[in-house]
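For reference, the structure is listed below as structure tokens.
2 protein chains.
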Amino acid sequence: MDLDKALTTLNNPVRRKILHWLKHRSNFPAALPEHAGLDGVCVAYIQEKAGLSQSTISNYMGLLKEAGLVLSERHGQFTFYRRNEDAIRALLQAFEKELIEL
Amino acid sequence: MDLDKALTTLNNPVRRKILHWLKHRSNFPAALPEHAGLDGVCVAYIQEKAGLSQSTISNYMGLLKEAGLVLSERHGQFTFYRRNEDAIRALLQAFEKELIEL
DNA sequence: TCCATATATCGAGATATCCCGATATCTTGG
DNA sequence: CCAAGATATCGGGATATCTCGATATATGGA
Chain A
5 MDLDKALTTL
15 NNPVRRKILH
25 WLKHRSNFPA
35 ALPEHAGLDG
45 VCVAYIQEKA
55 GLSQSTISNY
65 MGLLKEAGLV
75 LSERHGQFTF
85 YRRNEDAIRA
95 LLQAFEKELI
105 EL
Chain B
5 MDLDKALTTL
15 NNPVRRKILH
25 WLKHRSNFPA
35 ALPEHAGLDG
45 VCVAYIQEKA
55 GLSQSTISNY
65 MGLLKEAGLV
75 LSERHGQFTF
85 YRRNEDAIRA
95 LLQAFEKELI
105 EL
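Printed below as a string of structure tokens:
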């Protein structure tokens with residue numbers, strides 16, 4: 005848990021929003037039939053929702069992944085990203101510990 | 005509670021350390037006799053502990069204050085800074101809410 | 001009043017972040 | 001194998017952050 009890297013990654017409203025949107029699959033268009041039952045959301049859907057360029061969103065997802073905040077799984081040409089709930093909780097705890105606990 | 009501004013302010017290990025140090029007055033040299041009973045720590049002590057220039061620390065304390073994370077009180081030539089516990093808790097809650105709660 | 005001390009502000013060079021378009025890579029269908 | 005589509009990476013211009021030294025401001029003491 006690299007708090008510094010995680011905070012840098014989350015010090016951006018769009019990346020925070022993405023993490024927030026990923027909380028519920030219903031924030032995105034329905035998955036293709038062949039992807040039914042798969043967890044996560046593909047880059048194109050996230051891009052459309054965020055309204056930024058493809059390269060920017062791919063980069064953002066890479067940053068979120070490097071910080072450990074999302075997990076990714078490739079299925080064919082698609083990469084599906086989903087939240088890493090454990091890491092998100094760990095980040096919040098580390099942050100709270102540094103700020104509040106002695 | 006401007007989450008964005010607070011996160012930007014705390015996206016810096018020295019500023020986080022300062023907030024951490026301010027948790028306990030004993031992290032700094034003893035107060036001068038004439039300042040006994042006063043809450044907070046003067047800029048010079050914080051500067052010495054952080055090992056950065058006077059202007060940098062003054063600037064940092066200004067950022068922390070602007071973000072609402074510390075309170076300041078002037079006494080003579082000295083400015084005493086102390087944590088704003090309510091704001092720190094509010095920040096953590098807002099951050100947690102954006103990341104975890106629906 | 002004049003000075004020394006504590007803090008704040010200014011201006012700037014170095015570095016990092018933001019976000020894009022262009023291009024490269026990977027994968028499936030034909 | 002090849003073309004098309006999804007994603008990843010590259011290169012770069014604009015903007016923001018980092019941190020400094022120099023300077024300005026404020027205050028208490030001689």
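First to last, the protein sequences are chains A and B. FYI, the numbering for the first sequence is 5 to 106, going by my numbering. FYI, the numbering for the second sequence is 5 to 106, going by my numbering. Just so it is clear, CB atoms sit at the ideal spot from N, CA and C, and this is done for glycine as well.
Within 9 Å of the CB of T83/B, no CB atom of chain A is found; the nearest one sits about 22 Å away. Bounds of any beta strand (DSSP E) do not take in E52/B; it lies within the alpha helix (DSSP H) bounded by V47 to A54.
For the C-beta of N31/A, not a single chain B residue is nearer than 7 Å; the gap to the nearest is close to 11 Å.
When the five nearest sequence neighbours on each side are left out, the beta carbons in the same chain lying within less than 8 Å of the beta carbon of Y49/B are those of F32 and P33, in order along the chain. Restricting attention to A91/A, D6/A and E100/A, the CA atom closest to the CA of L73/A is found in A91/A. With respect to chain B, the C-beta atom of K53/A has no partner C-beta closer than 8 Å.
By the neighbour-count criterion, in which a residue is buried when 16 or more other Cβ atoms sit within 10 angstroms of its Cβ, N63/B is exposed.
Here A10/A is buried, its C-beta having at least 16 other C-beta atoms within 10 Å. Not a single C-beta of chain A is nearer than 8 Å to the C-beta of D43/B. Non-local C-beta neighbours of N88/B in its own chain, meaning closer than 7 Å and more than five positions away in sequence, comprise G72, L73, V74 and L75, ordered along the chain. In this chain, the beta strand (DSSP E) harbouring H79/B covers V74 to H79.
Sequence-ordered contacts of the region 5–35 of chain A with chain B read D8, L11, T12, L14, N15, P17, R20, L23, H24, K27 and H28 [C-beta pairs closer than 8 Å]. Between E38/B and chain A, the shortest Cβ-Cβ separation is not below 8 Å. Sorting E105/B, T12/B, N16/B and I22/B by C-alpha distance to the C-alpha of A54/B places I22/B at the top.
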